[in-house]
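Asks:
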Amino acid sequence: MNKENRSVHFSPETRSVQPGPKTRSVQPGPETITVKSRPKASGTGFGGIRVRTIGCILLFTTVFISILVIGSRIVEDDLLVDLNNIFTAPSLQHFFGTDWVGRDMLQRTLKGMSISMQVGLISTVLSVVIAMFFGVMAPVFGGVPDHLVSWLIDFVMSVPHTILIILISLACGGGLRGVVAGVVCTHWTSLTRVIRAEVLQLKNMEYVQIAEKLGRSRWYIAVHHMFPAILPQLAVGAVLLFPHAILHEASITFLGFGLPAHEPAIGVILSESMKYLTVGKWWLALFPGISLVAVTVMVEAIGKNLEKLITRSDRERRQEWIRCMILKSS
Amino acid sequence: MIFPQKQVMESRKTGKFILRKAVRFVTLLIFLCILTFTLLELSPIDPVTAYVGADPSIGAEQRELIAQHWGLDKPPVERFFAWFSSIARGDWGTSMIYRRPVLEVVGTRFLTSLALMMTAWVLSGLLGFWLGIAAGTHEGKPADRLIRLIANVLNSTPTFWIGMLLIMIFAVGLGWLPSALSVPIGVAQAEVTFSERIRHLILPALALSITGIPGICLHTREKTCEVMNSDYVLFARARGESRSSIVRRHVCRNALLPALTLQFLSFSELFGGSVFVEQVFSYPGMGQAAVQAGLKGDAPLLMGIVIISMIFVFSGNLIADLLYQVVDPRMKEAGYE
Numbered sequence: 012m013n014k015e016n017r018s019v020h021f022s023p024e025t026r027s028v029q030p031g032p033k034t035r036s037v038q039p040g041p042e043t044i045t046v047k048s049r050p051k052a053s054g055t056g057f058g059g060i061r062v063r064t065i066g067c068i069l070l071f072t073t074v075f076i077s078i079l080v081i082g083s084r085i086v087e088d089d090l091l092v093d094l095n096n097i098f099t100a101p102s103l104q105h106f107f108g109t110d111w112v113g114r115d116m117l118q119r120t121l122k123g124m125s126i127s128m129q130v131g132l133i134s135t136v137l138s139v140v141i142a143m144f145f146g147v148m149a150p151v152f153g154g155v156p157d158h159l160v161s162w163l164i165d166f167v168m169s170v171p172h173t174i175l176i177i178l179i180s181l182a183c184g185g186g187l188r189g190v191v192a193g194v195v196c197t198h199w200t201s202l203t204r205v206i207r208a209e210v211l212q213l214k215n216m217e218y219v220q221i222a223e224k225l226g227r228s229r230w231y232i233a234v235h236h237m238f239p240a241i242l243p244q245l246a247v248g249a250v251l252l253f254p255h256a257i258l259h260e261a262s263i264t265f266l267g268f269g270l271p272a273h274e275p276a277i278g279v280i281l282s283e284s285m286k287y288l289t290v291g292k293w294w295l296a297l298f299p300g301i302s303l304v305a306v307t308v309m310v311e312a313i314g315k316n317l318e319k320l321i322t323r324s325d326r327e328r329r330q331e332w333i334r335c336m337i338l339k340s341s
Numbered sequence: 067m068i069f070p071q072k073q074v075m076e077s078r079k080t081g082k083f084i085l086r087k088a089v090r091f092v093t094l095l096i097f098l099c100i101l102t103f104t105l106l107e108l109s110p111i112d113p114v115t116a117y118v119g120a121d122p123s124i125g126a127e128q129r130e131l132i133a134q135h136w137g138l139d140k141p142p143v144e145r146f147f148a149w150f151s152s153i154a155r156g157d158w159g160t161s162m163i164y165r166r167p168v169l170e171v172v173g174t175r176f177l178t179s180l181a182l183m184m185t186a187w188v189l190s191g192l193l194g195f196w197l198g199i200a201a202g203t204h205e206g207k208p209a210d211r212l213i214r215l216i217a218n219v220l221n222s223t224p225t226f227w228i229g230m231l232l233i234m235i236f237a238v239g240l241g242w243l244p245s246a247l248s249v250p251i252g253v254a255q256a257e258v259t260f261s262e263r264i265r266h267l268i269l270p271a272l273a274l275s276i277t278g279i280p281g282i283c284l285h286t287r288e289k290t291c292e293v294m295n296s297d298y299v300l301f302a303r304a305r306g307e308s309r310s311s312i313v314r315r316h317v318c319r320n321a322l323l324p325a326l327t328l329q330f331l332s333f334s335e336l337f338g339g340s341v342f343v344e345q346v347f348s349y350p351g352m353g354q355a356a357v358q359a360g361l362k363g364d365a366p367l368l369m370g371i372v373i374i375s376m377i378f379v380f381s382g383n384l385i386a387d388l389l390y391q392v393v394d395p396r397m398k399e400a401g402y403e
């Protein structure tokens, strides 16, 4: 019962012959096996799991990049003020409707998403760099540095993230710098924890111990032995961190501590739409919000599929991820 | 003779545990005070301007006098110690935007928030746990897939937008519930009925609980799948136990305490979420006060809120720690690590 055999008998025709998963045919032969060992993940039957995973990653990445590019190509001049067409509900001409000065909401949303995505990307890259540095260095050097990093993580986690981001953003005087600093300072912790745990395990591996005995410096071990081994985790962690970064950016901007009001970020669009919510201009809030959620879900899917591809996916690891997703908190 | 000895050891361990937690709490609090003070010191907020507002009748000399009165001309370190010692004495300063003592503002606002947060906490716990069990017992089936899909989408949805959606649907579209505030407008505080308060609480609590559901749901689902695939459930099935009795006797027993622990660990998320919910629904709680304090530069109030939020999160973590030991006696054996 090798893999090839199984996949052959999974073609739709074979399955339609066998009525249900619980029917066990008495006659011997490969069909019996196929019915019994119906895998849980069998979906639409289009391609193998690996093909679908890679296809999903490619598709979503393309969509992601195109939103980024299209959005950043929209300039202020494209957003025409058209006072004859204010507050038009979604139509074929304006898919997302228009706002209080007649600007097309679809274009504003694309522009806003691309700005927010850029902020999210910057924050993610910075957080990952910090997580990589602390996560590898703390266990490799051990002792005081390790305790210090652990304490720092606990310290950051001891205050609700929203409050901490507000404080840091205030300290930086708001704006792009403030929101990036706030998001980075609160988001490096969860990934650092994961990386640190991974490196602690690696420390007991034979090849690392041999390198130590051979007199390699800690720095050398960190760069040549630890870093390549945690690269997959780091990549997955980075992709999974992005949704949180972009959500927090939008949320903090919504509260008024992030990007300034003249910058058409998605948080600004949504906080403006709050004013028109009670007078029934639902499209101002609905479509930008859906776009934000869609992009977040998409990136999350990229991350999870990537994880499926490059890490061993046992239950323990999944639980670990869920736990740290939760601990990431608001 | 063994038992008394064991008891002595137990109580010694408990003492150690309390001591360790206390030390931890105090150090975190002190460093948090230092951090908050430094961050607000770095910020371009000028306390005098924040206090007098844009009043043009107050000249430069008077500003100078106010600064002197508050000791703003002294070096930061000296000011920090003055502020810190007054905090330790129980004087948290005066809120600039509410013109009342910080402790008083924070106290009343915290109680209002607590009603919201606890309602949402219980609601999200019950719903999340139930959904998690439902998904886990139908692993791989459409119900499981649907629940996981919903949980993952909710995980990626910002709290404030959920609040806005609820307003759009239930307040504006259907007109069932009020869209803002914790009491009706134009009614004296004493005349507000209990049912009115509840009506104003429903939407914010719902918004806040929806954000809490995915975490607890996915965690419970994992745990349930683990139990359902275990040998003892297989044996129970072979004995002919019904699904409901398996869920009651095996799944719930194994999943309940970890889920409860997780709920206590989510206090930080709860508090963070309440900031957004309160802002969207103009609910007069701590979160809204924090946003107002931040936007208007009310440093004393902001510091008070930071400290209270830290105590809130810490108590949640402490309860979770204690629950861990109930769940897993090995943790107790290991000396409260």
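For the protein sequence lines, the chains are A and B, in the order given. Residues 12 to 341 in my numbering are what the first sequence lists, from first letter to last. Residues 67 to 403 in my numbering are what the second sequence lists, from first letter to last. Each residue gets a CB set at the ideal place from its N, CA and C atoms; glycine is no exception.
(1) By Cβ distance below 8 angstroms, which residues in the same chain neighbour I97 (chain A) in space, the five residues on each side in sequence not counted?
(2) What does the alpha-carbon distance come out to for the pair V74 (chain A) and I68 (chain A)?
(3) Would P243 (chain A) and E311 (chain A) be called neighbours here (beta carbons separated by less than 8 angstroms)?
(4) Which full runs of the alpha helix (DSSP H) of 4+ residues lie inside the segment 224 to 305 of chain B, going along the chain?
(5) Take P366 (chain B) as the anchor and find which of B:I84, B:S334 and B:V114 has the nearest alpha-carbon.
(6) Could you check how far apart the C-beta atoms of G300 (chain A) and W227 (chain B) are, in whole angstroms? I think they sit under 8 angstroms.
(7) With 8 angstroms as the threshold, decide whether the Cβ of I111 (chain B) is near any Cβ in chain A.
(8) Under 8 angstroms between C-beta atoms, does E311 (chain A) make it to chain B?
(9) In whole angstroms, give me the CA-to-CA distance for T225 (chain B) and S375 (chain B).
(10) Roughly how far, in whole angstroms, is the beta-carbon of S262 (chain A) from the beta-carbon of G278 (chain A), given that I think they are within contact range, below 8 angstroms?
(11) Assign T99 (chain A) to one of three DSSP states: helix, strand, or coil.
(12) Tell me which residue opens and which closes the alpha helix (DSSP H) that I199 (chain B) is part of.
(13) Is any beta-carbon of chain B found at less than 8 angstroms from that of M128 (chain A)?
(14) In the DSSP assignment, the alpha helix (DSSP H) including C318 (chain B) goes from what residue to what residue?
(15) Going by C-alpha distance, which of A:E209, A:A240 and A:T197 is nearest E260 (chain A)?
(16) Report the neighbours of F265 (chain A) on chain B: residues whose CB is nearer than 7 angstroms to its CB, in chain order.
(17) What does I174 (chain A) touch in chain B if you count any residue whose Cβ is under 8 angstroms from its own?
(18) Using the C-alpha atoms, what's the distance from R86 (chain B) back to F342 (chain B)?
(19) Since M403 (chain A) meets chain B, which of its residues come closer than 8 angstroms, beta carbon to beta carbon?
(20) Quick one: is M234 (chain B) near chain A, going by C-beta distance under 8 angstroms?
(21) According to the Cβ coordinates, are L384 (chain B) and T327 (chain B) closer than 8 angstroms?
(22) For D157 (chain A), name the three-state secondary structure that DSSP assigns.
(23) Classify K122 (chain A) as buried or exposed, calling it buried when 16 or more other Cβ atoms lie within 10 Å of its own Cβ.
(24) Show which residues of chain A have a CB atom less than 7 angstroms away from the CB atom of T223 (chain B).
(25) What does N218 (chain B) reach in chain A if we use C-beta pairs closer than 8 angstroms?
(26) Could you tell me whether the Cβ of T185 (chain B) comes closer than 8 angstroms to any Cβ of chain A?
(27) Taking C-beta pairs closer than 7 angstroms, name the residues in chain A that G360 (chain B) reaches, listed in chain order.
(28) From which residue to which residue does the alpha helix (DSSP H) around Q244 (chain A) run?
(29) Using only the alpha-carbon positions, how far apart do H172 (chain A) and L245 (chain A) sit?
(30) Report yes or no: is there a C-beta of chain B within less than 8 angstroms of the C-beta of A261 (chain A)?
(31) Please state if the CB of L336 (chain B) and the CB of M230 (chain B) are separated by a distance shorter than 8 angstroms.
(32) Does L105 (chain B) have its Cβ less than 8 angstroms from a Cβ in chain A?
(33) Interface residues of chain B around F166 (chain A) at Cβ under 7 angstroms?
(34) So does M162 (chain B) have its beta carbon nearer than 7 angstroms to some heavy atom of the ligand SAH?
(35) Between L131 (chain B) and the rest of its own chain, which residues show a CB-CB distance below 6 angstroms, the 5 nearest in sequence each way excluded?
(36) Given P50 (chain A), which residues of its chain have a CB within under 6 angstroms of its CB, disregarding the five upstream and five downstream residues?
Replies: This is what the structure gives:
(1) Position 86 of the first sequence, counted from the start, is the residue given in the question as residue 97 (chain A). In its chain, beyond the 5 residues on either side, T109, D110, W111, V112 and G113 have a beta carbon closer than 8 angstroms to the beta carbon of I97 (chain A).
(2) Within the first sequence, the letter at position 63 stands for residue 74 (chain A). Within the first sequence, the letter at position 57 stands for residue 68 (chain A). Spanning the alpha carbons of V74 (chain A) and I68 (chain A) requires a straight line of approximately 10 angstroms.
(3) Mapped onto the first sequence, residue 243 (chain A) falls at position 232. Mapped onto the first sequence, residue 311 (chain A) falls at position 300. The Cβ atoms of P243 (chain A) and E311 (chain A) do not sit closer than 8 angstroms to each other.
(4) If only complete runs of 4 or more residues are kept, the segment 224 to 305 of chain B shows the alpha helix (DSSP H) at 225 to 232, 260 to 294 and 297 to 305, in order along the chain.
(5) Here residue 366 (chain B) corresponds to residue number 300 of the second sequence, with the count starting at 1. Here the closest residue by C-alpha is B:V114.
(6) Locating residue 300 (chain A) in the first sequence gives position 289, counting from the first residue. Locating residue 227 (chain B) in the second sequence gives position 161, counting from the first residue. The Cβ separation is near 4 angstroms, so the contact holds.
(7) Here residue 111 (chain B) is taken as the residue at index 45 of the second sequence, counted from 1. With 8 angstroms as the cut-off, I111 (chain B) counts as an interface residue toward chain A.
(8) The residue you call residue 311 (chain A) lines up with position 300 of the first sequence. It does; some Cβ of chain B falls within 8 angstroms.
(9) On the second sequence, position 159 is the one that residue 225 (chain B) refers to. On the second sequence, position 309 is the one that residue 375 (chain B) refers to. Cα to Cα, the separation comes out at about 18 angstroms.
(10) As a first step, residue 262 (chain A) must be located in the first sequence, where it is residue number 251. As a first step, residue 278 (chain A) must be located in the first sequence, where it is residue number 267. Correct: roughly 7 angstroms between the Cβ atoms.
(11) By 1-based counting over the first sequence, the position of residue 99 (chain A) is 88. Three-state result, T99 (chain A): coil.
(12) Translated into positions along the second sequence, residue 199 (chain B) becomes position 133. I199 (chain B): member of the alpha helix (DSSP H) spanning V168 to T203, first to last residue.
(13) For this step, residue 128 (chain A) is matched to residue 117 along the first sequence. With its beta carbon at least 8 angstroms from every one in chain B, M128 (chain A) lies outside the interface.
(14) As a working mapping, residue 318 (chain B) is identified with position 252 in the second sequence. Per DSSP, the continuous alpha helix (DSSP H) segment holding C318 (chain B) begins and ends at C318 to L331.
(15) Indexing the first sequence from 1 puts residue 260 (chain A) at position 249. Looking at A:E209, A:A240 and A:T197, the one whose alpha-carbon comes closest to that of E260 (chain A) is A:T197.
(16) Taking the first sequence and counting its residues from 1, one reaches residue 265 (chain A) at position 254. Ordered by position in chain B, the residues that pass the 7 angstroms Cβ test against F265 (chain A) are F226.
(17) Counted from its first residue, the first sequence places residue 174 (chain A) at position 163. Result: F337, G338, V341, A356, I371, V372 and S375.
(18) Here the question's residue 342 (chain B) lines up with position 276 in the second sequence. Here the question's residue 86 (chain B) lines up with position 20 in the second sequence. Spanning the two alpha carbons is a distance of roughly 34 angstroms.
(19) Since the first and last residues shown for chain A are 12 and 341, residue 403 (chain A) lies out of range.
(20) Translated into positions along the second sequence, residue 234 (chain B) becomes position 168. In terms of beta-carbon proximity, M234 (chain B) lines the interface with chain A, with at least one pair separated by less than 8 angstroms.
(21) Taking the second sequence and counting its residues from 1, the one referred to as residue 384 (chain B) is at position 318. Taking the second sequence and counting its residues from 1, the one referred to as residue 327 (chain B) is at position 261. Contact check for L384 (chain B) against T327 (chain B) fails: the beta carbons are separated by 8 angstroms or more.
(22) Reading the first sequence from its first residue, position 146 is the one you call residue 157 (chain A). DSSP places D157 (chain A) in helix when its eight states are reduced to three.
(23) Here residue 122 (chain A) is taken as the residue at index 111 of the first sequence, counted from 1. Burial call: buried.
(24) By 1-based counting over the second sequence, the position of residue 223 (chain B) is 157. The answer, in chain order, is V304.
(25) Residue numbering aside, residue 218 (chain B) sits at position 152 when the second sequence is read from its first letter. Going along chain A in sequence order, the residues near N218 (chain B) (Cβ under 8 angstroms) are V308 and E311.
(26) As a position in the second sequence, residue 185 (chain B) is number 119, starting the count at 1. No, because no Cβ of chain A sits closer than 8 angstroms to the Cβ of T185 (chain B).
(27) The sequence position of residue 360 (chain B) within the second sequence is 294, counting from 1. Here the neighbours are I177, L181 and F268.
(28) Numbered from its first residue, the first sequence carries residue 244 (chain A) at position 233. Q244 (chain A) -> alpha helix (DSSP H) spans F238 to L266.
(29) Indexing the first sequence from 1 puts residue 172 (chain A) at position 161. Indexing the first sequence from 1 puts residue 245 (chain A) at position 234. Rounded to the nearest angstrom, the two C-alpha atoms are 22 angstroms apart.
(30) What you label residue 261 (chain A) is simply residue 250 of the first sequence in a count that begins at 1. Closer than 8 angstroms to the CB of A261 (chain A) there is at least one CB belonging to chain B.
(31) Within the second sequence, residue 230 (chain B) is the residue found at index 164, counting from 1. Within the second sequence, residue 336 (chain B) is the residue found at index 270, counting from 1. No.
(32) On the second sequence, position 39 is the one that residue 105 (chain B) refers to. Against chain A, the CB of L105 (chain B) has a partner CB under 8 angstroms away; the residue lies at that interface.
(33) The residue given as residue 166 (chain A) occupies position 155 in the first sequence. Listed along the chain, the chain B residues whose CB falls inside 7 angstroms of the CB of F166 (chain A) are L94 and F97.
(34) Among the components of this structure there are no ligands whatsoever, and the ligand SAH is therefore not found.
(35) Position 65 of the second sequence holds residue 131 (chain B). Around L131 (chain B): no qualifying Cβ.
(36) Numbered from 1 along the first sequence, position 39 holds the residue referred to as residue 50 (chain A). Low per-residue confidence applies at P50 (chain A): pLDDT is 46, beneath 50, and the placement is therefore not dependable, though the value from the model is reported in the following sentence. The beta carbon of P50 (chain A) sits closer than 6 angstroms to none of the beta carbons in its chain outside the five residues before and after it.
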